[in-house]
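Accompanying notes for the structure given below.
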Amino acid sequence: MLQIDGVTKRYGDRTALDAVSFEVGDGRLTGFVGGNGAGKTTTMRIILGVLSADSGVVRLGGSALGPDDRRRFGYMPEERGLYAKMKVAEQLVYLARLHGVSRRDAEASTTDLLERLELAERRDDTVESLSLGNQQRAQIAAALVHSPEVLILDEPFSGLDPMAVETVLGVLHDVAKQGAPVLFSSHQLDVVERLCDDVVVIAHGQIRASGSKQKLQDDNAVRQFELLVASDAAWVREMPGVTVLDFDGGYALFEADDDEAAQGVLRRALQQGAVASFAPRHRTLTEIFTEVVK
Amino acid sequence: MTITDTRAHTRANTFAQSAMLVADREVRMRLRSKAFIVSSAILLLAVVASIVAGSIFGASASSAMTRVAVVGDGAALAQVASLEVTTVGSVDEAERLVRAGDVEAAIVPGDGPTGLQIVALDEAPGDLVQLLSASPEVTLLEPADQNSGLAYLVGLGFGIVFFMAATLFGTTIAQSVVEEKSTRVVEILMSAISARALLAGKVIGNTFLAFGQIVLIAAAAIVGLVVTGQDALLGDLGPSIVWFVVFFAVGFVLLAALFASAAALVSRQEDIGSVTTPVMMLVMIPYFLIVFAWDNDLVLTIMSYVPFSAPIGMPMRIYLGTAEWWEPLLSLLVILATTVVVVLFGSKIYANSLLRTGARVKVLEALRG
C-alpha cells in the first residue's frame, strides 16, 4: 500500500500542498481528480521523489520511500517526452537499465512490450519519426518497461486517441490485477467513474475526499428517487415528506425526508396503475466532485 | 495482455553505475552524429596538415643546394656545404649557364672588397649574398631556449586546440542538457536516477570524448613529427604536449560542469547562447591572451595558474623552459580544487533547475533551491 502522509509543499508564500494525506491500496485503481493547479502533478512528483516535500512522508508497505524503492515505480509525467533522436527500442532499454534492470532483461522486456503495444515494427525508428499515436504508445512503454510494482500516471488519457486509451486501460487493469497500487490523475471524470475502485479529490492543495467510489457516493448521497409511471404523476407533489425536484408527465424526480416517505410514493403509484420504474438516484462523480470541491 | 511473462527484475544501481549508463549514452549518441565526426576529422586534419607543411617548408629551406657557376678557382667555394659548384672557364660561359637555367647564379671576379661579383638572372639571390658577406660575430647574453617564431606557433596551436575542443564539447553538453529539458524526458530520468548522477554521467561522457579527441590529436602530432623527421622538435615539444593532455582532462571537467549547469537554467535550444556566453568568454580569454601575449612572461605565469587558462599557459611555459618542475603540479592542484568547488555548486544549480521549464531560472534562485 502506498501512503501519502501529511505532505506539504510551499513555493514562496503559496502553499501548493497542504498536509495532503491519502492511500493507494494494493491492486486498487485509484483516480486522482482535481482542477488545474489543484496540486495533482506536485503530489505525483513528490511521490516519485522528483520534487522534495517541505514536510510529510510517502510510505510504501509501511516504510518511508527511498530512492531504491522508487526505481520500482512506473511514471508517466504530465509533460510527455522521450529522446527524439533515439531509436524506440534503444531508448526503452536505456530507461529500463537506469531503473536497475540488467541489459538482458531490459531487452527481453522491451521486445515483449513493443509487441503488445503493436510497435514491434517501429523498434529501430527514431521517436521523432513516429506518428503521434505511436509516440504515445512509446511513452506508455517507457513507464512500463522495467515492470514497475507501483504505477503513477499523470493524466494518462489526455491527448490519447481512442485506441491508445483502450491500450492504457488494459495495461492499468493488468498491473492492478497483479496487486500493484495504481494512481492516475484525470480531468475526465466519466473515465474515472467507469474505471476506478477508489477516488481521491484534491482542491487548492487540500484533500477534499478520498476512499472507495462506493463510499464517496454513500457519503454524499441524497435521498433522491426517480419514478416513471404510465399515467400523470402530478399527485406526487401532494405526498407528505416529499419535495419534487423535477416533473414531466409520468416522470418525477423527488427528494424524500425518509425511506418511509419514499415507500409511500411507491405504494400510491402502484395503486394508481402500472409503474415502469422506481429507483434511488445515484449522483454522478461529476456532481459529487463539483460539490466537494466548492 | 499480462506483464508477468517477461517481468524484469530490478536491483538498485549504484551512483557510479547510473552515471556510467548516462555517460555511455552520451558517447554513443555523439559518435552517431555526423556533425561531430566531421568537425573532429577537420580538427585532426588541420593538425596533421600543419605538421606536414612545416616539414616541407623546413626541408626546402635547409636541404636544397644552390647551384652556382664559378669562374676561376672554385675549390674554396666547393667547401661550402650548401653550394653545388660548377667550374667554368670564362665569364661569358658562366652567363650562358645562368641564362640557360643550369645554375642559379654565377660567381665571377669583381671589384668590390670581396673581390667577387654575383651574376644572376632576374633577382638577387639573397642566400648567396649573405653567404659571401662578412657578418660581425653576435653574442646573446640571455639566449632563448626556443626559436621565437616557433614558440608563437606552438602557443597558438595549444590555444586553438583547447579553444576548439572546449567550445565543441561545451556546446555539445549544453545542448544535451537542454534537449532533455525541452523534450521533458528529464522528469522520467529523475524518477529513476538522481540529478547528480545524471550530471556526472554527462560530464564524464563528454570529457571522455573531448579527452579522446585531444589524445588522438596529440598522437597524430607526435607521429607526424616523427614520420616527417622532425624528431628534434618533438624532443622539445613532447613534454608540453603530455602536460597539455593532462591539464586539458581536468580543465575540461571544470568547463563541462559549468556548461551543464548554465544550460540547465533554460528550457529551449534558442536560449542556450544567452546562458553559455559567460562560460564561452572564460574559454576565449585565454585564447586571445596566448595570441597577443605569448612572449610575455608575467602574463604566461598568471595564465599558468588561473584554472581556465592553465591548460594553455602551463604547457606553453614548459615548452619555453620557464616553469620549475613543481609548477605544473601546483597548478594542477589549483585546477582540481576549483573543479571540486564548481562541480558542487554546479550540481546544485543543475538539480534545482531541471524541472523548471519556461522562463530562464536565475542563478541565485537555483542555488537557493
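Note that the protein sequences, when read in sequence, are chains L and E.
Be aware that the first sequence starts at -13, since it is given in our numbering, and climbs by one per residue.
Be aware that the second sequence starts at 406, since it is given in our numbering, and climbs by one per residue.
Think of the CB as a built atom: it goes at the ideal place given N, C-alpha and C, for glycine as much as any other residue.
Please read these numbers as outputs of a predicted model, since none were measured by experiment.
Going by Cα to Cα distance, which pick from the options is closest to residue i?
| i | options | result |
| --- | --- | --- |
| E:P683 | E:M719, E:F649, E:G575 and E:L614 | E:G575 |
| L:G191 | L:G13, L:G35 and L:A39 | L:A39 |
| E:S596 | L:R57, L:L46, L:T29 and L:E114 | L:R57 |
| L:A248 | L:L213, L:D232, L:A260 and L:S217 | L:L213 |
| E:D527 | E:S587, E:S538, E:A505 and E:P514 | E:A505 |
| L:D4 | L:G13, L:V(-7), L:V10 and L:G(-2) | L:V(-7) |
| L:K26 | L:M(-13), L:V168, L:L158 and L:A189 | L:A189 |
| L:A219 | L:Q257, L:E246, L:K201 and L:I193 | L:Q257 |
| E:W731 | E:S709, E:N611, E:G560 and E:L546 | E:S709 |
| E:Y451 | E:F563, E:R501, E:I754 and E:L749 | According to the sequence shown, residue 451 of chain E is Ala rather than Tyr. For E:A451, the nearest C-alpha among the options comes from E:F563. |
| L:F143 | L:K163, L:D91 and L:S172 | L:S172 |
| L:L118 | L:A106, L:E104 and L:G145 | L:G145 |
| E:L561 | E:V443, E:R437 and E:F649 | E:F649 |
| E:M686 | E:L488, E:Q422, E:V620 and E:T572 | E:T572 |
| E:V475 | E:A615, E:L769, E:D507 and E:L760 | E:D507 |
| E:D700 | E:F462, E:R435, E:T727 and E:L521 | E:T727 |
| L:I(-10) | L:T28, L:H159, L:G13 and L:V43 | L:V43 |
| L:R209 | L:G197, L:H268 and L:I193 | L:H268 |
Could you please give me the residues that DSSP links to residue i through a beta bridge?
| i | result |
| --- | --- |
| L:P266 | L:F211 |
| L:Q(-11) | L:E9 and L:R45 |
| L:D184 | L:T16 and L:S198 |
| L:K(-5) | L:L3 |
| L:I138 | L:Y61 and L:L169 |
| L:I193 | L:I188 |
| L:E104 | Paired residue(s): none; L:E104 is not in a bridge. |
| L:D234 | L:Y237 |
| E:E489 | E:R472 |
| L:K73 | L:T112 |
| E:A698 | Note: E:A698 sits in no beta bridge, so no partner. |
| L:A50 | L:R45 |
| L:T229 | L:E241 |
The alpha helix (DSSP H) that contains residue i, what's its start and end?
| i | result |
| --- | --- |
| E:P720 | A715 to L725 |
| L:S171 | L:S171 -> not in any alpha helix (DSSP H); beta strand (DSSP E) instead, spanning V168 to S171. |
| E:P733 | E732 to S758 |
| E:E675 | Note, E:E675: premise wrong, no alpha helix (DSSP H); not H, not E. |
| E:Y557 | S553 to S587 |
| E:M595 | V590 to A597 |
| E:G517 | E:G517 -> no alpha helix (DSSP H), and no H or E assigned at all. |
| L:N120 | L118 to L130 |
| E:S666 | D636 to A668 |
| E:S423 | F420 to L436 |
Can you name the residues of chain E whose CB is closer than 7 Å to the CB of residue i?
| i | result |
| --- | --- |
| L:A70 | T588 |
| L:E65 | R589 and E592 |
| L:R89 | Per Cβ cutoff of 7 Å: no residues; L:R89 is ~10 Å from chain E at best. |
Along chain E, which residues have their Cβ under 9 Å away from the Cβ of residue i?
| i | result |
| --- | --- |
| L:R57 | T415, R416, A417, N418, S596, A597 and I598 |
| L:L139 | Per Cβ cutoff of 9 Å: no residues; L:L139 is ~12 Å from chain E at best. |
| L:Y61 | E592, I593, S596 and A597 |
| L:A128 | V590 and I593 |
Looking at the secondary structure, which residues open and close the beta strand (DSSP E) in which residue i lies?
| i | result |
| --- | --- |
| L:M62 | F59 to M62 |
| E:A510 | A510 to P514 |
| L:Q249 | No beta strand (DSSP E) contains L:Q249, which is instead part of the alpha helix (DSSP H) from D245 to Q258. |
| E:V473 | T471 to V476 |
| L:F240 | Y237 to A242 |
| E:Q522 | L521 to A525 |
Note down, in chain order, every chain E residue with its Cβ under 8 Å from the Cβ of residue i.
| i | result |
| --- | --- |
| L:L231 | Within chain E, no residue comes near L:L231; the closest Cβ sits about 45 Å away, beyond 8 Å. |
| L:Y288 | The shown model of chain L, from -13 to 280, leaves out residue 288 of chain L, and the question about it has no answer. |
| L:D54 | A417 |
| L:H173 | Under the 8 Å cutoff, chain E gives no residues; its nearest Cβ is about 19 Å from L:H173. |
So which residues on chain L does residue i lean against when the C-beta distance must stay under 8 Å?
| i | result |
| --- | --- |
| E:L558 | Residues of chain L passing the Cβ test: none, with the nearest at roughly 40 Å. |
| E:L760 | R31, V36 and L37 |
| E:S423 | L84 |
Using a cut-off of 7 Å between C-beta atoms, extract the partners of residue i located in chain L.
| i | result |
| --- | --- |
| E:S672 | Neighbours of E:S672 on chain L: none; closest Cβ ~11 Å, over 7 Å. |
Got a sec: is the Cβ-Cβ distance from residue i to anything in chain C below 9 Å?
| i | result |
| --- | --- |
| E:E585 | Absent here is chain C; the protein component of the structure consists of chains L and E. |
task: May I ask you to verify whether the segment 250 to 261 of chain L touches the segment 50 to 65 of chain L, counting CB pairs closer than 8 Å and requiring at least 3?
output: Taking a cut-off of 8 Å for Cβ pairs, the segment 250 to 261 of chain L and the segment 50 to 65 of chain L do not touch, as fewer than three such pairs fall below it.
task: Report yes or no: do the segment 174 to 190 of chain L and the segment 215 to 227 of chain L share at least 3 C-beta pairs separated by less than 8 Å?
output: Fewer than three pairs of CB atoms, one per stretch, sit closer than 8 Å, so the segment 174 to 190 of chain L makes no contact with the segment 215 to 227 of chain L.
task: Flag this pair as touching only if the segment 425 to 437 of chain E and the segment 597 to 609 of chain E have three or more C-beta atom pairs under 8 Å; answer yes or no.
output: Counting C-beta pairs with one atom in each stretch, the segment 425 to 437 of chain E and the segment 597 to 609 of chain E have three or more that are closer than 8 Å, which means they touch.
message: With a threshold of 8 Å, are at least 3 pairs of Cβ atoms found where one atom belongs to the segment 552 to 569 of chain E and the other to the segment 534 to 541 of chain E?
response: Result no; under three Cβ-Cβ pairs closer than 8 Å.
message: Quick test of the definition: if touching needs 3 or more C-beta pairs under 8 Å, does the segment 651 to 669 of chain E touch the segment 515 to 534 of chain E?
response: No: fewer than three Cβ pairs fall under 8 Å.
- request: Pair every Cβ in the segment 158 to 166 of chain L with every Cβ in the segment -5 to 4 of chain L, then say whether three or more of these pairs are closer than 8 Å.
  value: Contact fails: fewer than three Cβ-Cβ distances are below 8 Å.
- prompt: Would you call the segment 671 to 687 of chain E and the segment 758 to 767 of chain E touching, i.e. three or more CB-CB distances under 8 Å?
  reply: Contact between the segment 671 to 687 of chain E and the segment 758 to 767 of chain E is present: three or more C-beta pairs spanning the two stretches fall below 8 Å.
- prompt: Are the segment 204 to 212 of chain L and the segment 14 to 25 of chain L in contact at 8 Å, needing three or more beta carbon pairs?
  reply: Contact between the segment 204 to 212 of chain L and the segment 14 to 25 of chain L is absent: fewer than three C-beta pairs spanning the two stretches fall below 8 Å.
- prompt: Taking three-plus beta-carbon pairs below 8 Å as touching, is the segment 702 to 718 of chain E in contact with the segment 622 to 635 of chain E?
  reply: At 8 Å Cβ cutoff, the stretches do not touch.
- prompt: Are there three or more Cβ pairs, one per stretch, closer than 8 Å when the segment 634 to 652 of chain E is compared with the segment 585 to 594 of chain E?
  reply: Contact fails: fewer than three Cβ-Cβ distances are below 8 Å.
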